[in-house]
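Numbering (UniProt numbering), first residue to last: 1 to 569.
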């Protein structure tokens, strides 16, 4: 077992905690949680607890937005053919479904959408895609969640009479494509105040701007926020600022009146109760991704555009089968990858993981990279053969910028793209060993020793007696939870067991715990039997690290502490 590091977040000043506690009428623990999230005044708390659509920024603060709206307006007015182009992952497919769906319903019918084939075309704007546009008379391509590095492809399209509006959120390269408009908050010359929109979020801002100029009721866009929140959840972007507002209202839409396709997915995934970010990430995201991984992402877009309940349920059933197939692939390939590491002492001792197997399924290598990090906590790249080259997915650990590390190895690559914690890359097969050596050298030089062991960020130490209905109700209103506004994590010290621990399915741990003066709480630790069961039989007291959930059983609700780690005193 790799011992986890417990890192306590910085506590806000006592003045802020006192002020918030008195003005809001909340406990010191709740006031502390708010202060840690940058809330220091009554007004800031009001905005935090009650996000407003009026808090969204003016879309025209984004570089090139005016010219983007002008070019889109021209295409509509002159009835030009428009191709909506998006990547095959969740962000790309939700972007296409949102943009195409809104445009086709309210603005312009002379449009199609295009999703590249993961295996035949690869990530981003493809030559096949722009050739399709040129050959079929499309005057304008709106690319979503891709395009920021497609300098050559955009130039080719321009030479053949096809304009581009790029809506992307990935880091630009040294040169921007020569498109009519490049909408990307991460452009160095872009003054847009919020930099962490998804590709779907950037597309939403373009539609928002178009509606403002054309005096179209912006409220017509709100039903599409269920797609925006799906992109926000699954692209693992910070749920603060503008993303928090979009996610808040997107979850409202998802819980009150979701589009037919997402409703069918929720049903097929057997997701019960209120939808939140976690359920979207683990329930909807894998199913939407599975379509592009196992067959074609058109299935996912068709599902999200469907208004026929029966057809949507059939689509959802097919995608559910894709997801089942994906799970089988990801489990078997993960087992092979972990075995490759375990049998090679150099790989075990390394600061990074780079593995190649020409037979691995390209559609699940990103998932396999994440699984490897669960076992070996370090930057990981999984490569497979694709069209005579090696194609890979990279994943990182908290605090380490894998994109920068890959960039330092660019002399061995054909292309790469992505962001801090995830990236994709392509290289020639004869460059794999050179790349592995260089990547290991870069990671070894840049990574901090503490980044190589799992880190648990802890909000505060909490007495179990502080866990009350009111405490949990107010804490829940801090949602939606996600990156930079994570579900609060607590530690309780000098905890005693009430009775003996029990095993669930031989893998999962369950016991009752209390402190002096507190009630007993049910604690559940998934996959923790091997590491902690015997120790718990021997211990008098321990410290537990956990999040708080509500468990409902036979109509009764009770608190359940979901364990993240245990330390013994």
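Note that the Cβ used here is the ideal one computed from N, Cα and C, for glycine as well.
- prompt: Can you list, in chain order, the stretches of the beta strand (DSSP E) that have 3 or more residues and sit fully within the region 418-494?
  reply: 422-428 and 455-458
- prompt: Is DSSP giving residue 403 helix, strand or coil here?
  reply: helix
task: Would you identify the three-state DSSP class for residue 76, choosing helix, strand or coil?
output: helix
message: DSSP three-state label for residue 539, please.
response: coil
message: Just to confirm, is the Cβ distance from residue 144 to residue 167 under 8 Å?
response: yes
field: Assigned exposure category for residue 501 - 16 Cβ within 10 Å defines buried
entry: buried
query: Does DSSP classify residue 87 as helix, strand or coil?
result: coil
message: Just to confirm before moving on: does the CB-CB distance between residue 563 and residue 523 stay below 8 Å?
response: yes
- request: Go through its chain and collect everything with a Cβ distance to residue 40's Cβ below 6 Å, but skip five positions before and after it.
  value: 16
query: Can you name the residues that DSSP bridges to residue 138?
result: 81
query: Looking at C-alpha atoms only, which residue of 551, 439, 376 and 173 is the closest neighbour of residue 339?
result: 376
query: Would you say residue 346 and residue 318 are within 8 Å of each other, going by their C-beta atoms?
result: no
- prompt: Given that a residue counts as buried once 16 or more other Cβ atoms are within 10 Å of its Cβ, and exposed if not, what is residue 395?
  reply: buried
field: Distance between residue 332 and residue 22 (C-alpha atoms, nearest Å)
entry: 55 Å
task: Give every residue of the same chain whose Cβ lies closer than 7 Å to the Cβ of residue 160, excluding the five residues on either side of it in the sequence, and list them in chain order.
output: 134
query: Using 8 Å as the threshold, is the region 419-434 in touch with the region 399-411, meaning 3 or more CB pairs across them?
result: yes
Paired residues, beta bridge with residue 549 - DSSP: 560
- prompt: Do residue 169 and residue 206 have their C-beta atoms within less than 8 Å of each other?
  reply: no
- prompt: Just how far apart, CA to CA, sit residue 120 and residue 4?
  reply: 41 Å
- prompt: In three-state terms, what does DSSP make of residue 383?
  reply: strand
- request: Quick one: grab the DSSP three-state call for residue 393.
  value: strand
Which listed residue (69, 123 and 436) has its alpha carbon closest to that of residue 91: 123
message: I want to know whether the region 304-318 touches the region 266-274 - three or more CB-CB distances under 8 Å.
response: yes
- request: Classify residue 118 as helix, strand or coil using the three-state DSSP reduction.
  value: coil
- prompt: Residues in its own chain within less than 7 Å of residue 362 by CB, not counting five upstream and five downstream?
  reply: 118, 119, 384, 386 and 391
message: In whole angstroms, give me the CA-to-CA distance for residue 577 and residue 451.
response: Since the first residue shown for the chain is 1 and the last is 569, residue 577 is missing from the structure and cannot be characterised.
query: The beta strand (DSSP E) with residue 263 in it runs from where to where?
result: Unbroken run through residue 263 is the alpha helix (DSSP H), 260-268; no beta strand (DSSP E).
- request: Give me whichever residues DSSP pairs with residue 524 in a beta bridge.
  value: 510 and 562
task: Go ahead and pull the three-state DSSP assignment for residue 496.
output: strand
- prompt: If you run the structure through DSSP and keep just helix, strand and coil, what is residue 360?
  reply: coil
query: Skipping 5 residues on each side, what residues in its chain have a beta carbon closer than 8 Å to that of residue 37?
result: 48, 478 and 485
message: Tell me which residues share the same chain as residue 323 and place their Cβ nearer than 7 Å to its Cβ, disregarding the 5 neighbours each side in the sequence.
response: 286, 287 and 290
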